[in-house]
Amino acid sequence: MSGSLAARIARALLGGIWFAGWFFAAFPAALLWLCGASLVPPPGANRLLGAALIAAAHVALVALVAQFLRDGAGTQLPFDPPTRVVARGIYARVRNPMYATYVAIACGEAVLYRSGPLAAYALALAALFHAYVVRVEEPRLQTRFGVDYDRYCEATGRWWPRR
Numbered sequence: 175m176s177g178s179l180a181a182r183i184a185r186a187l188l189g190g191i192w193f194a195g196w197f198f199a200a201f202p203a204a205l206l207w208l209c210g211a212s213l214v215p216p217p218g219a220n221r222l223l224g225a226a227l228i229a230a231a232h233v234a235l236v237a238l239v240a241q242f243l244r245d246g247a248g249t250q251l252p253f254d255p256p257t258r259v260v261a262r263g264i265y266a267r268v269r270n271p272m273y274a275t276y277v278a279i280a281c282g283e284a285v286l287y288r289s290g291p292l293a294a295y296a297l298a299l300a301a302l303f304h305a306y307v308v309r310v311e312e313p314r315l316q317t318r319f320g321v322d323y324d325r326y327c328e329a330t331g332r333w334w335p336r337r
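So the sequence shown is numbered by my numbering: it starts at 175 and just counts up by one.
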């Protein structure tokens, strides 16, 4: 899928809203409801800490999506991926910071609500993202970008920086 920068921005925004609506609103709310917990965060320092983590992760996420748009000429969406390997900024050190921000948002929700089930949800998301990256995304990227992606993988860690 190609198109103008404005069209890519619109797709990235709509895709991000769809993803966030399901994974950071609907699923966590349903989990809290199923566990009999309130949808209102309990009082205490957890509110500030959880909100700060969620806000910081969203700021990072916006920057990462913008970098995909700018440097990769694509979006974070599987049906509209970057057309070039994005290897600048944080991507010069680690390959999957966007997934890490998603897990940070889920962890922030667990802190915000002081919720064990939401912490388990964050861990499950991390495991699912890892499985997706290893079994689906990395093979597709290797096929798409070949030796450029191989060099990128050699220089960067999947989840933790190598430098």
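Yeah, the Cβ is synthetic: ideal placement off N, Cα and C, and Gly gets one too. Bear in mind that the values here come from a model prediction, so they are computed numbers and not experimental data.
Cα-Cα separation, residue i to residue j
i: G224; j: L315; result: 34 Å
i: C327; j: R258; result: 14 Å
i: V214; j: G290; result: 15 Å
i: R336; j: A329; result: 7 Å
i: E311; j: G218; result: 40 Å
i: A294; j: W192; result: 22 Å
i: I228; j: L205; result: 18 Å
i: A180; j: G210; result: 43 Å
i: V321; j: R332; result: 17 Å
i: W196; j: A280; result: 12 Å
i: F253; j: A226; result: 31 Å
i: A274; j: V307; result: 12 Å
i: D324; j: W334; result: 17 Å
i: F198; j: L188; result: 15 Å
i: L208; j: F319; result: 44 Å
i: A301; j: P255; result: 22 Å
i: H304; j: A184; result: 27 Å
i: A247; j: A284; result: 34 Å
i: S212; j: A200; result: 14 Å
Inter-residue CB distance, residue i and residue j (contact presumed, cutoff 8 Å)
i: G190; j: V239; result: 7 Å
i: L299; j: Y276; result: 7 Å
i: L286; j: R182; result: No, L286 and R182 are not in contact; Cβ-Cβ is about 32 Å, not under 8 Å.
i: R267; j: D245; result: Not confirmed; about 15 Å, so no contact.
i: R269; j: P216; result: Wrong, their Cβ atoms sit about 36 Å apart, outside the cutoff.
i: P202; j: L292; result: 6 Å
One or two residues paired with residue i in a DSSP bridge
i: G392; result: Beyond the ends of the chain as shown, which are 175 and 337, falls residue 392; an answer cannot be given.
Selection from the options that minimises the alpha carbon distance to residue i
i: V236; options: P271, R288 and L292; result: P271
i: L251; options: A186, W334 and R325; result: A186
i: Y265; options: A284, A278, A234 and A184; result: A234
i: H232; options: P255, A194, R309 and G248; result: A194
i: A230; options: A278, L302, G248 and A284; result: A278
Any non-hydrogen atom of the ligand ZN closer than 7 Å to residue i Cβ
i: L292; result: In the structure shown, the ligand ZN is absent, as is every other ligand, since no ligand is present at all.
(request) Give, in chain order, every unbroken run of the alpha helix (DSSP H) that is at least 4 residues long and sits entirely within the stretch 234-289. (result) Those alpha helix (DSSP H) runs which fall completely within the stretch 234-289 and span 4+ residues are 271-287.
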